[in-house]
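Student: Handing you this structure, nothing more for now.
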Amino acid sequence: MSACEIVFTREDINSIVQRVADKLNEEFSNSTSIPVFIGVLKGALPFMMDLIKKCTFDLKTDFIQVTSYSGTSSTGVIHLKKDISEDIRGKDVVIVEDIIDTGLTLNYLKQYIQLNYNPRSIKIVCLVDKKPLRKVNLQPDISGAIINQNKFLVGYGFDYNELGRNIDYVFVPTKKQLIEWDKKLNLEKK
Ligand code: IMP
Ligand code: MG
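Below, the structure written as structure tokens:
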């Protein structure tokens with residue numbers, strides 16, 4: 001990978017996730033509540049897996065899937081692709097998301113979960129809060145890191161057209177890298 005900008009190394013990610021877990025441990029460790037962590041597929045998968053391993057209280061997990069992104073930008077149109085399966089009525093819910101960009105996805109998800117399942121509480125936790133392109137006033141309860149520039153990130157769950165999620169650090173891909181991925185994806189289509 002030629003001279004890409006590394007935004008978070010594996011070590012950075014580890015301490016960011018630990019900080020988020022510490023806050024959740026403070027919140028839930030002395031409570032009788034068993035919160036349900038809902039990971040937003042697919043981007044939040046690595047974060048969710050690392051986060052729950054650092055949480056020291058009893059919790060349940062579930063997943064929901066929505067889509068809004070194509071290439072390097074959000075389409076703004078949100079589709080629910082997979083719903084949750086746990087019964088979360090009257091429960092404490094922690095939505096675990098990789099990144100908040102326009103805020104449209106989490107705004108939609110929060111309303112969807114509230115209206116359809118009426119949980120006792122909803123907390124929003126994200127790995128990265130990307131501020132510049134926010135379109136709705138949606139603030140996470142806990143954010144791992146804040147980014148004040150409009151950077152397109154790949155790695156540790158963040159993807160470019162589904163590629164790059166498995167890379168173990170977060171970086172801004174070079175144009176060359178994106179062109180290489182586009183070529184690969186085109187070859188795959190043939
Ligand atoms: P929002 O609805 O604009 O807040 O977008 C949220 C979703 O877009 C996230 O869950 C990510 O899946 C995706 N996304 C936002 N920014 C990036 C990025 O920099 N890289 C990859 N995916 C992103
Ligand atoms: Mg996502």
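With the numbering used here applied, the sequence shown covers 1 to 190.
Built from N, CA and C at the ideal position, the CB exists for glycine as well.
If you're wondering where the values come from, they're calculated on a predicted model, not measured in any experiment.
#1: Buried or exposed for residue 146, going by 16 or more other Cβ atoms inside 10 Å?
#2: Do you know offhand how far residue 143's Cα is from residue 104's?
#3: Which two residues bound the contiguous alpha helix (DSSP H) that contains residue 183?
#4: Below 8 Å on the Cβ atoms is my guess for residue 51 versus residue 34; work out the distance and round it to an integer in Å.
#5: Pull up the CB-CB distance for residue 127 and residue 102, whole angstroms please, since I reckon it's below 8 Å.
#6: Taking a contact to mean a Cβ-Cβ separation below 9 Å, would you say residue 68 touches residue 76 in this structure?
#7: At a cut-off of 8 Å, is residue 68 close to the ligand IMP when judged by its beta-carbon and the heavy atoms of the ligand?
#8: Considering only heavy atoms of the ligand IMP, does any lie closer than 8 Å to the CB of residue 17?
#9: Does the Cβ-Cβ distance between residue 109 and residue 136 come in under 9 Å?
#10: Do you know whose CA, among 91, 16, 11, 27, lies nearest residue 98's CA?
#11: Residue 145 bridges to which residues according to DSSP?
#12: What does a CB cutoff of less than 7 Å around residue 140 pick up in its chain, not counting 5 residues either side in sequence?
#13: Does the distance between the C-beta of residue 94 and the nearest non-hydrogen atom of the ligand IMP fall short of 8 Å?
#14: Is there contact here, the region 106-121 with the region 158-177, by at least three beta-carbon pairs under 8 Å?
#15: Mark residue 179 as exposed unless 16 or more other C-beta atoms lie within 10 angstroms of its C-beta, in which case mark it buried.
#16: For a test of the three-state rule: what should DSSP assign to residue 51, helix, strand or coil?
#17: Measuring only the C-alpha atoms, how far is residue 93 from residue 150?
#18: If you follow the alpha helix (DSSP H) that residue 26 is in, where does it begin and where does it stop?
#19: Just list the residues that DSSP pairs residue 64 with in beta bridges.
#20: Leaving out five residues on either side along the sequence, give the residues of the same chain with a beta carbon under 7 Å from the beta carbon of residue 1.
Tutor: The answer reads as follows:
#1: exposed
#2: When rounded, the separation of the alpha-carbon atoms in residue 143 and residue 104 is 17 Å.
#3: 175-189
#4: About 16 Å; that fails the 8 Å criterion.
#5: That belief does not hold up - the Cβ atoms of residue 127 and residue 102 are roughly 16 Å apart, past 8 Å.
#6: yes
#7: Residue 68: yes, Cβ under 8 Å from the ligand IMP.
#8: no
#9: no
#10: 16
#11: 128, per the DSSP bridge assignment.
#12: 100, 124, 125, 126, 129
#13: Residue 94: no, Cβ never under 8 Å from the ligand IMP.
#14: no
#15: exposed
#16: helix
#17: 29 Å
#18: 10-28
#19: BP columns for residue 64 point to 40.
#20: Interpretation of residue 1 is limited by its pLDDT of 49, a score under 50 that renders its predicted location unreliable; the figure taken from the coordinates is listed afterwards. Around residue 1: 177.
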